[in-house]
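>
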Amino acid sequence: MERLKKLKIALLEIRNSVTIYKFTLGIHYLTSVLREDGYTVSEMLFEAEEVDSISEMILEKDPDVVGISFYRETEEYIFKLARLLKKAKPNIKVFLGGHTATLYSTYILKKEKNIDIVVNSEGEKTVLDLVNRLEEGRSLETCEGITYRQDDEIIKNKNRELIENLDELPFPAIDVLKEKSLNNNYVFAGISTSRGCMGKCAFCVANRFYTYEKKYNWRGRSPANVVDEILYLKKSFPDKRLFYTIIDSSIEDPDPIRKNRLKELVSLMEKNNIHIPFNCYTRSESWSENDIDLIKRLKNVGLFEVNIGYEGSIEKTLEIFKKRASIDDNYRAYRIFKDENINVFGFLIMFHPYTSFTELRSNAELLLKVEMAYHPQSWWQTMDLWPDSRIFFDVTKDGLLMGPEEKGYIFNYAYEDGRIHRVNAAMKKIGESQESIAYVNTNEKIKLDQLLYNVWKEQDSQLKVIENEMSEYIELYEQRKKLMGICQYEYFMELIDKTERDLSDREIDSICNDWISALRENNIELEKIWLKFNMMFRRKKVELLV
């Protein structure tokens, strides 16, 4: 470590709600890089906290520089926080980073005068350069990778080249993991084995984050470096149950056919006797019957769930979205993983500018077939329209663009069939209801209980004493999921039938209210199931996620 530097730094992430199943790595990588260079860094996660309280806790650390992960959902929190920090300590420097901040750096600085700097794209080298310049009182004029405020002028500097060798980065700091695990018997971590995505979906702008002078880059860490991080996490939490998400855009990249890098990673995990539960993201067209042996090996080292973006149920939509996968690819990937008892969580964009009633009915059938009909989000997922996405230009050309939404980051659009708007509005009402949010959260904790048990029981003989109870728990939950899936399917079909026939708002509202009531009643039943079996487990001195 270098000599201790004078500047003190606080790096923050702010979320609207409390969750165990969400992990981002940006501030944790930055913390490690800055500490390695001799800086005192506090990394802090705030969930469902009042902004005044957040400000007080930060100021207690007396930082000279504050960096914040920016999400449009938490914009008002972040802007208010910046104002409070500047009011209390006028010379404090506040910078933002992240995907949205990168895409809208100039707009954000114009919008909020208390934000000093936006770090564009990858932050590790840029933030270190930035903080060193602030430490030494040097100009930001030649600091690559930032947009900053100088007097009344906003200046966007030259992009910084992406980090070529990701193995050079230190492992992300684990302060937040330690804090969140204090009162829990588990640790949930995130691991990034690569950056970038080989897919180029028309609705997605993730690749813009990693674009340098029009060149798009996928880069991966070496499998040995990834395994070293897993072992480091395991060693850091010897008395906790560990599970993690591989947050890469798609785990099989950059070689989706042969998958040589993934095979090397699995081989090293096997060699190091790693059997820790993890889930990941993948693309359906990458998997065939030829991969069954690899899938079995992935399961043996801990894979319990894959997340697949189906996105659509008809070929026309997949073509609009520029998806490489076909409908057959989606069904095949679902079947291959399910046959190996790996959970498949599928994402579907139910509403987009070109949605038709025919497609809505087809989507409903898909959700039943891939066992996602139980999950409310499946029924209301709506495409965000980002400027510079490939589909943005199609929507503009087709006269469906309606201008920016209130905060100005994404754009509103009309539907080719105007009646679809009524369906979308009804589904949004259901999706944003407290009943829906509670139902999703209860499903999540039951799902994790059951999926993680299947991996942890191989490591912990204590868990085998609840084998019979767990079998009953799983059976009851699967029954409830199936019933709720059919229930939501029927409500959805009724809703689109009545909307297509232009029936009254009162009739549409009646369906929505019945649907919300069903969510409330099913959540009550799920909570009873969860409580019943967790009490059974505790009587046998077994605790899963506490």
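Sequential numbering of the sequence shown, starting at 1083, is according to the working numbering. Heads up, the beta-carbon is just placed ideally off N, CA and C, and yes, glycines get one too. All values reported here derive from a predicted model rather than from experimental measurement.
(1) Mind reading off the beta-carbon distance from Arg1049 to Ser1370? Whole number of angstroms is fine, and I expect it under 8 Å.
(2) Does DSSP put Phe1386 in a helix, a strand or coil?
(3) Within 10 Å of its beta-carbon, does Met1083 have 16 or more other beta-carbons around it, so buried, or fewer, so exposed?
(4) Among Ser1276, Arg1277, Gly1278, Glu1261, which residue has its Cα nearest to the Cα of Glu1270?
(5) Considering only residues of the same chain and omitting the five flanking positions on each side of Arg1117, which have a CB-CB separation below 6 Å?
(6) Over the uninterrupted beta strand (DSSP E) stretch that includes Met1454, give me the two end residues.
(7) Could you name each continuous alpha helix (DSSP H) segment of 4 residues or more that falls completely within the segment 1546 to 1599, going from the start of the chain to the end?
(8) With a threshold of 6 Å on Cβ separation, who are the neighbours of Leu1448 within its own chain once the five nearest residues in sequence on each side are excluded?
(9) Among Glu1157, Val1147, Asp1144, Asp1146, which one has its Cα closest to the Cα of Val1133?
(10) Would you report the Cα separation of Ile1523 and Lys1546, rounded to the nearest angstrom?
(11) Quick one: what does DSSP say Ser1349 is sitting in, helix, strand or coil?
(12) How far does the beta strand (DSSP E) with Gly1231 in it extend, from its first residue to its last?
(13) Write down the C-beta distance between Glu1540 and His1357 rounded to the nearest angstrom, noting that I regard them as a contact closer than 8 Å.
(14) Evaluate Gly1205 with the Cβ neighbour count: other Cβ atoms within 10 Å of its Cβ, from every protein chain shown; 16 or more gives buried, anything less gives exposed.
(15) Which residue spans inside the segment 1150 to 1232 form an unbroken alpha helix (DSSP H) run of at least 4?
(16) Among Asn1361, Phe1285, Ser1263, Gly1302, which one has its Cα closest to the Cα of Pro1320?
(17) Would you please state the rounded distance, in angstroms, between the beta carbons of Asn1196 and Lys1171? I believe it to be under 8 Å.
(18) If you draw a straight line from the C-alpha of Ile1528 to the C-alpha of Lys1623, how long is it?
(19) Suppose the cutoff is 8 Å on Cβ atoms and the five residues either side in sequence are ignored; what does the same chain contact list for Leu1627 look like?
(20) Please say whether Gly1281 and Ser1332 have beta carbons closer to each other than 8 Å?
(21) Is it buried or exposed for Lys1240, if we count other Cβ within 10 angstroms and need 16 for buried?
(22) Per DSSP, what kind of secondary structure is Gly1500 in: helix, strand or coil?
(23) Since Thr1208 and Ile1228 are thought to touch, with beta carbons under 8 Å apart, how far apart are those beta carbons, to the nearest angstrom?
(24) Short of 8 Å in beta carbon distance, which residues of its chain neighbour Tyr1314, apart from the five on each side in sequence? Order them along the chain.
(25) Buried or exposed: which applies to Ile1568, given that a residue is buried once 16 or more other Cβ atoms fall within 10 Å of its Cβ?
(26) Have a look at the DSSP bridge pairing and note the partners of Cys1362.
(27) Let's test the definition: count the other Cβ atoms within 10 Å of the Cβ of Phe1419 and tell me whether it reaches 16, buried, or not, exposed.
(28) Should Val1309 and Leu1210 be called a contact, given that it needs their Cβ atoms to be closer than 8 Å?
(29) Nearest-angstrom Cα distance between Asn1494 and Glu1551?
(30) Write down the C-beta distance between Phe1433 and Ile1502 rounded to the nearest angstrom, noting that I regard them as a contact closer than 8 Å.
(31) Exposed or buried, which one is Phe1615 when buried takes at least 16 other CB atoms within 10 Å?
(32) DSSP puts Phe1427 in a beta bridge; with which residues?
(33) Going by beta carbon distance, what residues of the same chain come within less than 7 Å of Glu1387, once the five residues before and after it are set aside?
(34) In terms of residues, what are the limits of the alpha helix (DSSP H) holding Leu1313?
(35) Taking Arg1303 and Asp1249 to be in contact with their CB atoms under 8 Å, please state how far apart those CB atoms are, rounded to whole angstroms.
(36) In angstroms with no decimal places, state the Cα-to-Cα distance between Tyr1294 and Arg1242.
Looking at the atomic coordinates:
(1) Examination of residue 1049 is not possible in this model, given that the chain is present from 1083 through 1628 alone.
(2) Strand.
(3) Low confidence applies to Met1083: its pLDDT is 46, below 50, so where it sits in the model is not reliable enough to give any reading.
(4) According to the sequence provided, residue 1270 is Phe. The question's Glu does not apply to it. Looking at the Cα atoms, Glu1261 is the closest of the given residues.
(5) Sequence-distant Cβ neighbours of Arg1117 in its own chain, meaning closer than 6 Å and more than five residues away, are Val1123.
(6) For Met1454, no beta strand (DSSP E) segment is defined, and its DSSP state is neither H nor E.
(7) You should have 1549 to 1582.
(8) Closer than 6 Å at the Cβ level, and outside the excluded window around Leu1448, lie Ser1395.
(9) When the alpha-carbon of Val1133 is set against those of Glu1157, Val1147, Asp1144, Asp1146, the nearest one is in Glu1157.
(10) According to the sequence shown, residue 1523 is Asn rather than Ile. Those two C-alpha atoms are separated by around 26 Å.
(11) Note: Ser1349 maps to helix in three-state DSSP.
(12) It is worth fixing the name first, because residue 1231 is Arg in this sequence and not Gly. Note, Arg1231: beta strand (DSSP E), 1228 to 1232.
(13) The beta-carbon separation of Glu1540 and His1357, rounded to 6 Å, stays under the 8 Å limit for a contact.
(14) Classified as buried, Gly1205 has 16 or more neighbouring CB atoms from the shown chains inside 10 Å of its CB.
(15) The alpha helix (DSSP H) runs lying completely inside the segment 1150 to 1232 and spanning 4 residues or more are 1157 to 1170, 1181 to 1185, 1187 to 1193, 1206 to 1218, given in chain order.
(16) Nearest of Asn1361, Phe1285, Ser1263, Gly1302 to Pro1320, Cα basis: Ser1263.
(17) Not a contact, Cβ separation roughly 11 Å.
(18) Cα to Cα, the separation comes out at about 19 Å.
(19) Ile1102, Asn1266, Asn1267, Tyr1268, Lys1527, Leu1530, Asp1531, Leu1534.
(20) In contact: Ser1332 and Gly1281 (Cβ atoms closer than 8 Å).
(21) Exposed, since its Cβ has fewer than 16 Cβ neighbours within 10 Å.
(22) In the displayed model, Gly1500 falls within coil according to three-state DSSP, outside both helix and strand.
(23) Between Thr1208 and Ile1228, the beta carbon gap of about 6 Å places them in contact (Cβ cut-off 8 Å).
(24) Excluding residues up to 5 positions away in sequence, Phe1253 lie with their Cβ nearer than 8 Å to the Cβ of Tyr1314 in the same chain.
(25) So Ile1568 ends up on the exposed side.
(26) DSSP lists Ile1328, Val1388 as partners of Cys1362.
(27) Residue environment: Phe1419 is assigned as buried (16 or more neighbouring CB atoms within 10 Å of its CB, all protein chains considered).
(28) Taking 8 Å as the Cβ cut-off, Val1309 and Leu1210 do not qualify as a contacting pair.
(29) Cα to Cα, the separation comes out at about 49 Å.
(30) Your pair Phe1433 and Ile1502 checks out as a contact, with CB atoms roughly 7 Å apart and the cut at 8 Å.
(31) Looking at its Cβ environment, which holds 16 or more other Cβ atoms inside 10 Å, Phe1615 is buried.
(32) Looking at the DSSP assignment, Phe1427 forms a beta bridge with Asn1389.
(33) Within the same chain, Glu1387 has close Cβ partners Asn1361, Ile1424, Asn1425, Phe1427, Leu1533.
(34) Residues 1305 to 1318.
(35) At roughly 6 Å, the Cβ-Cβ gap stays under 8 Å, so Arg1303 and Asp1249 are in contact.
(36) Caution is warranted here: a pLDDT of 49 is assigned to Tyr1294, below 50, making its placement in the model unreliable, and the coordinate value is therefore given only provisionally. Approximately 8 Å between the Cα atoms of the pair.
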